[in-house]
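Novice:
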Amino acid sequence: MEFLEAMPVTFKEITPNYNLPEKWKEIILNTGGTHSTLQDIKLPQKAGGYWYKDSKKICTRNRFIYWQTTSDAIELTEASLDINLTSCNLKCKVAPGTPPLSNITVYERSASRDVVILAATVSSVHRLIFPHPGTLDKKSSFGSLNSSSPSIFHDTTSINNPNNYCILNQYSNATTGVAHTCASLLRDNGEAVFALAFGHGGEGGLLLVKLPVTGSAVTTVLKRESTVPRFLSGITGALRGKSTSDGVETYGVVLTSGLAVAICGDACLRAWPLDEGGAPIAVSVPLSQTLVRPKPPPHGHMLQKTVGSDGSVILVAYLSFPNECEFVVMRMHDGGSGGVRFSHISRIFGPQLDLLDYAIGYGDGSNVIWALWSQPDGDTIITSVLVGAEASWRAVAGREAAGALPTLGSNQQYRDRLMAPGLFPPAVIRKALVIYNRTWGGTDSSGEGDLGDAAMNAVQSRLRHLTARTATPDHAHLMHKCWSDLYSWCLQYMESLQKPLGLMVSKEESDIECGWWCAVVRRAGISLICELEPLERMMLSPDVPLLDGNERSWGELSCDAVRVVVAGARWERGAGGAAAELERRLFAAAAPQHRLLPRLLHLLLAPQTSSEHDATALTLTPQQIDDLTSILEPIKDLQSAVLELNDALRLDVPDIDTTKNDDEDSGEYDGLLASDLGVAIVTEAIRQMAEM
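FYI, numbering that gives the first Met the number 0 numbers position 588 of the sequence shown as 587, with every residue one higher than the one before it.
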């Protein structure tokens with residue numbers, strides 16, 4: 000955990016209080032398998048997404064697709080920050096015993112004006128074709144508030160076209176094992192190529208499937224190299240996890256324009272030509288000298304790719320062993336005569352946590368690794384690091400824990416608190432009411448009439464039940480208990496819906512114009528990650544430098560105002576629970592702005608009384624006091640610095656020139672962040688700023 004505590008916090012997560020639509024359009028994919036033909040296969044739930052490329056066109060600006068897999072479906076959602084989309088949720092059901100594989104990929108084809116989604120299950124591969132948003136663009140639909148447009152998922156006519164899927168039941172058996180991951184590629188001619196990794200629990204191997212636009216699919220089983228005598232390869236290979244058959248234990252796989260590249264159980268990279276098959280044309284040296292076997296999927300080795308500034312393919316392998324893990328960055332070069340070679344770029348060590356997902360995006364003018372980790376207590380943390388020789392991890396600020404229900408004065412106030420806009424989606428309250436009534440034997444009325452009234456009736460029924468059983472009931476205490484129990488069930492269901500499953504990253508420099516570097520796909524909905532403002536970074540980072548020498552990074556703030564922020568951040572960390580108590584006492588008298596600083600100094604200098612609780616005592620060590628003194632002493636006018644900081648944090652809307660110039664086209668700003676989701680994002684961002 001010391002690794003995480005030393006990591007600077009440079010990003011924050013914006014989770015919109017957005018009531019997700021509950022309507023899904025369902026279709027059934029032909030996956031070919033049933034319980035009678037396949038074993039009961041369990042794969043982890045995964046997620047990801049795709050940002051549309053052209054951020055200048057209104058129809059694709061701030062628009063994206065995100066997906067997640069369950070045991071029996073692929074759930075696809077299209078969303079936009081600018082415009083509300085209709086029919087935007089599509090659930091692709093699969094046959095029992097044929098769960099989807101991870102690494103679903105999305106392509107935009109400009110020639111045919113469509114969007115292609117490539118997906119695979121343990122027994123099938125699929126090419127899902129939808130119309131491009133550009134073909135749905137109508138001037139009457141975009142550029143006005145409260146407008147809507149159909150999602151690309153409104154048209155599903157071609158999904159089960161026999162040319163767009165292939166059944167692979169014959170490749171899932173006791174000998175080969177079952178595919179645990181895959182990679183896919185859409186070629187310029189429309190052909191879809193899939194590589195399924197059978198890397199664990201069998202002989203292993205890599206199955207290549209080519210799905211042409213018309214005609215039958217072509218399958219090829221890729222083998223390992225055979226240049227080493229079998230009696231030698233079996234000795235060293237068994238230690239590293241190499242199969243003794245013609246198969247190879249593959250953990251992660253990627254596809255480039257002409258090659259399939261896999262990270263294998265022996266920690267070597269292998270490359271096969273897509274159009275020839277057979278043995279690999281290149282094998283790297285082991286990326287790790289560790290001789291122990293890697294962790295099994297889904298926590299074993301993984302592989303991702305990206306493109307360097309020179310157009311070369313960069314591979315980022317995640318090596319996962321029982322007692323260590325690391326990222327190894329490699330570059331692929333043309334080896335001549337149709338071959339390739341690998342060269343080492345960097346080695347990046349990560350925290351000793353389970354890696355749930357990672358993706359290679361773009362930011363700060365370079366490729367960036369975004370990683371989603373699971374901690375021992377079940378919480379998750381998101382980190383990022385630049386791909387390079389001198390890399391250092393940066394963290395995303397942790398999400399705020401939900402607070403307990405405060406004590407209120409009446410049932411109506413509790414009801415209003417529970418039903419506050421954006422706090423809980425209706426589906427969460429409805430589900431919590433069902434289990435709430437079932438727990439004590441009440442009557443479920445969550446599906447009848449107003450949801451707030453149903454909550455009120457359920458709580459009052461239980462309150463009457465508890466009051467009748469108590470000789471001298473404390474009505475205020477019992478009322479708080481009844482509402483707290485319902486509130487607690489809502490929090491539990493909400494926490495389940497907010498479980499992070501995967502990452503969605505910006506892949507190209509042009510994508511960064513939208514301002515979002517990364518998004519987290521959760522069990523229900525998404526959250527966006529953006530860079531902290533300088534003042535936020537000072538407040539959240541564990542070790543904030545006083546002045547970094549680059550005064551421009553603080554915007555228009557003076558050095559004195561920056562010193563006030565640094566001192567406040569360090570005092571807040573040192574004071575612990577006393578910080579919240581001081582804030583309560585500071586604002587209790589509702590003093591005018593110009594009297595806040597004198598009152599703050601009075602509270603800081605006032606002696607502590609014996610009646611005050613130790614947990615809220617304002618105690619600092621001599622070293623902490625000296626540290627704060629050295630920060631504050633150079634300030635010439637403390638009150639002016641505080642007032643300057645206060646003005647900088649104001650959220651007032653500035654005066655805007657609303658006069659229109661006929662020569663200027665402002666159409667590109669029409670409808671910006673105007674959808675329900677966009678408004679929720681902006682609202683949450685403002686709330687975070689206000690409560691900093």
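Ideal Cβ positions, reconstructed from N, Cα and C, are used throughout, including at glycine. Model, not experiment: these values are computed from the prediction.
Taking C-alpha atoms, which residue in VAL395, ILE347, GLN687, GLY397 lies nearest to LEU385?
Specialist: The count along the sequence shown starts at 1 and reaches residue 385 at position 386. LEU385 has its Cα closest to that of ILE347, out of VAL395, ILE347, GLN687, GLY397.
Novice: DSSP three-state label for PHE129, please.
Specialist: To locate residue 129, count along the sequence shown from 1; it is residue 130. Correct three-state label for PHE129: strand.
Novice: Tell me whether ILE380 sits in a helix, a strand or coil according to DSSP, three-state version.
Specialist: For the purposes of this step, residue 380 is taken as residue 381 along the sequence shown, with counting starting at 1. Three-state DSSP puts ILE380 in a strand.
Novice: For SER373, name the three-state secondary structure that DSSP assigns.
Specialist: Here residue 373 corresponds to residue number 374 of the sequence shown, with the count starting at 1. In this structure, SER373 counts as strand in the three-state DSSP scheme.
Novice: Between the C-alpha atoms of CYS181 and GLY251, what's the straight-line distance to the nearest angstrom?
Specialist: The count along the sequence shown starts at 1 and reaches residue 181 at position 182. The count along the sequence shown starts at 1 and reaches residue 251 at position 252. Each residue's alpha carbon lies about 8 angstroms from the other.
Novice: Using a Cβ distance threshold of 8 angstroms, determine whether the region 149-158 contacts the region 211-223, with at least three qualifying pairs required.
Specialist: They do not touch, by the three-pair rule.
Novice: Starting from the C-beta of LEU286, find all residues in its chain whose C-beta is less than 8 angstroms away, skip the five residues before and the five after it, and write them out in chain order.
Specialist: Counted from its first residue, the sequence shown places residue 286 at position 287. Taken in chain order, the residues that qualify are ILE262, ALA266, CYS267, LEU268, ALA316, LEU318, VAL327, MET329.
Novice: Consult DSSP for PHE341 and reduce its assignment to one of helix, strand or coil.
Specialist: Against the sequence shown, residue 341 aligns to sequence position 342. Here PHE341 sits in strand by DSSP.
Novice: Closest by CA to ALA72, which one among ILE344, ALA46, ALA679, THR85?
Specialist: Stepping through the sequence shown from its first residue, residue 72 is reached at position 73. Selected option, being the one with the closest Cα: ALA46.
Novice: Take GLY349 and list the residues in its own chain whose beta-carbon comes closer than 6 angstroms to its own, dropping the five residues that flank it on each side.
Specialist: Along the sequence shown, read from residue 1 onward, the residue named residue 349 stands at position 350. Here the set comprises CYS324.
Novice: Measure the C-alpha to C-alpha separation of ASP53 and ALA194 and round it to an integer number of angstroms.
Specialist: In the sequence shown, the residue the question calls residue 53 occupies position 54. In the sequence shown, the residue the question calls residue 194 occupies position 195. When rounded, the distance between both Cα atoms is 29 angstroms.
Novice: Name the DSSP beta bridge partners of ILE13, please?
Specialist: Here residue 13 corresponds to residue number 14 of the sequence shown, with the count starting at 1. According to DSSP, which records beta bridges pairwise, ILE13 is partnered with LEU527.
Novice: How many Å lie between GLN459 and MET418 at the Cα?
Specialist: One-based indexing of the sequence shown puts residue 459 at position 460. One-based indexing of the sequence shown puts residue 418 at position 419. Rounded to the nearest angstrom, the two C-alpha atoms are 16 angstroms apart.
Novice: State the beta-bridge partners of PHE320 as determined by DSSP.
Specialist: As a working note, residue 320 is residue 321 in the sequence shown. In DSSP, PHE320 forms a bridge with GLU323.
Novice: Mark ARG437 as exposed unless 16 or more other C-beta atoms lie within 10 angstroms of its C-beta, in which case mark it buried.
Specialist: Position 438 of the sequence shown, counting from 1, holds the residue named residue 437. With fewer than 16 Cβ atoms within 10 Å of its Cβ, ARG437 is classed as exposed.
Novice: Could you spell out where the alpha helix (DSSP H) holding ARG461 opens and where it closes?
Specialist: For this step, residue 461 is matched to residue 462 along the sequence shown. Its alpha helix (DSSP H) spans residues 450-467.
Novice: Give the range of the beta strand (DSSP E) segment to which TRP271 is assigned.
Specialist: Walking along the sequence shown from the start, residue 271 turns up at place 272. Start and end: 268-272.
Novice: Considering just the uninterrupted stretch of the beta strand (DSSP E) at ASN436, what are its terminal residues?
Specialist: Taking the sequence shown and counting its residues from 1, the one referred to as residue 436 is at position 437. No beta strand (DSSP E) contains ASN436, which is instead part of the alpha helix (DSSP H) from 425-439.
Novice: Excluding the five sequence neighbours on either side, which residues of its own chain have a C-beta within less than 8 angstroms of the C-beta of ASP510, listed in chain order?
Specialist: Indexing the sequence shown from 1 puts residue 510 at position 511. Caution is warranted here: a pLDDT of 48 is assigned to ASP510, below 50, making its placement in the model unreliable, and the coordinate value is therefore given only provisionally. Within the same chain, ASP510 has close Cβ partners TRP50, LYS52, SER54, TYR361.
Novice: Please return the same chain residues whose Cβ sits closer than 6 angstroms to the Cβ of LYS11, not counting the five positions on each side in sequence.
Specialist: Here residue 11 refers to the residue found at position 12 when the sequence shown is read from its first residue. The residues are ALA396, LEU531.
Novice: Is PHE197 helix, strand or coil by DSSP?
Specialist: In the sequence shown, residue 197 corresponds to position 198, counting from 1. It is coil, neither helix nor strand.
Novice: Taking Cβ to Cβ, would you say ILE26 is nearer than 7 angstroms to CYS91?
Specialist: The sequence position of residue 26 within the sequence shown is 27, counting from 1. The sequence position of residue 91 within the sequence shown is 92, counting from 1. Cβ atoms of ILE26 and CYS91: closer than 7 angstroms.
Novice: On the DSSP bridge assignment, give the partners of MET698 in chain order.
Specialist: Look at the range of the chain in this structure, 0 to 691, and you will see that residue 698 is not part of it.
Novice: For SER35, which residues from the same chain have a beta carbon less than 7 angstroms from its beta carbon, with the 5 sequence-adjacent residues on both sides left out?
Specialist: Counted from its first residue, the sequence shown places residue 35 at position 36. The predicted position of SER35 is uncertain, since its pLDDT is 47 and thus under 50; no value can be drawn from it.
Novice: In terms of alpha-carbon separation, which member of SER256, THR68, ASN322 lies closest to PRO293?
Specialist: Counted from its first residue, the sequence shown places residue 293 at position 294. Answer by Cα proximity: ASN322.
Novice: When DSSP labels each residue in this structure, what does ASN499 get in the three-state scheme?
Specialist: Within the sequence shown, numbered from 1, the residue matching residue 499 stands at position 500. One detail in the question is off: residue 499 reads as Pro in this sequence, not Asn. Three-state DSSP puts PRO499 in a strand.
Novice: Buried or exposed: GLN622, going by 16 or more other Cβ atoms within 10 Å of its Cβ?
Specialist: Your numbering for residue 622 matches position 623 in the sequence shown. That one is exposed.
Novice: In angstroms with no decimal places, state the Cα-to-Cα distance between LEU58 and SER111.
Specialist: Along the sequence shown, one-based indexing puts residue 58 at 59. Along the sequence shown, one-based indexing puts residue 111 at 112. Reading off the sequence, residue 58 comes out as Cys, not Leu. Those two C-alpha atoms are separated by around 17 angstroms.
Novice: The beta strand (DSSP E) that contains ALA689, what's its start and end?
Specialist: If you number the sequence shown from 1, residue 689 lands on position 690. Segment 675-689 is the alpha helix (DSSP H) holding ALA689; no beta strand (DSSP E) there.
Novice: Rounded to a whole number of angstroms, what is the C-alpha to C-alpha distance between GLY670 and GLY377?
Specialist: Mapped onto the sequence shown, residue 670 falls at position 671. Mapped onto the sequence shown, residue 377 falls at position 378. Rounded to the nearest angstrom, the two C-alpha atoms are 39 angstroms apart.
Novice: Using a Cβ-Cβ cut-off of 8 angstroms (strictly less than) and excluding sequence neighbours within five positions of LYS304, which residues of its own chain qualify?
Specialist: Here residue 304 refers to the residue found at position 305 of the sequence shown. Here the set comprises VAL253, THR255, VAL260, VAL312, ILE313, LEU314, VAL315, ILE359.
Novice: From THR382 to ARG429, what does the alpha carbon distance come to, in whole angstroms?
Specialist: As a working note, residue 382 is residue 383 in the sequence shown. As a working note, residue 429 is residue 430 in the sequence shown. Each residue's alpha carbon lies about 35 angstroms from the other.
Novice: Would you report the Cα separation of GLY257 and GLN687, rounded to the nearest angstrom?
Specialist: Position 258 of the sequence shown, counting from 1, holds the residue named residue 257. Position 688 of the sequence shown, counting from 1, holds the residue named residue 687. C-alpha separation (whole angstroms): 47 angstroms.
Novice: When the Cα atoms are used, what is the spatial distance from ALA729 to LEU371?
Specialist: Since the first residue of the chain shown is 0 and the last is 691, residue 729 is not available in this structure.
Novice: Does the Cβ of PHE230 have 16 or more other Cβ atoms within 10 Å, making it buried, or fewer, making it exposed?
Specialist: Start at 1 with the first residue of the sequence shown, and residue 230 comes out as number 231. With a pLDDT of 39 at PHE230, under the threshold of 50, the modelled position of that residue is not reliable, and no figure is offered here.
Novice: Going residue by residue through the region 18-100, where are the continuous beta strand (DSSP E) segments of at least 3 residues, counting only ones entirely within it?
Specialist: Entirely contained in the region 18-100, the beta strand (DSSP E) runs reaching 3 residues are, in chain order, 24-27, 46-50, 62-68, 72-79, 83-85, 88-92.
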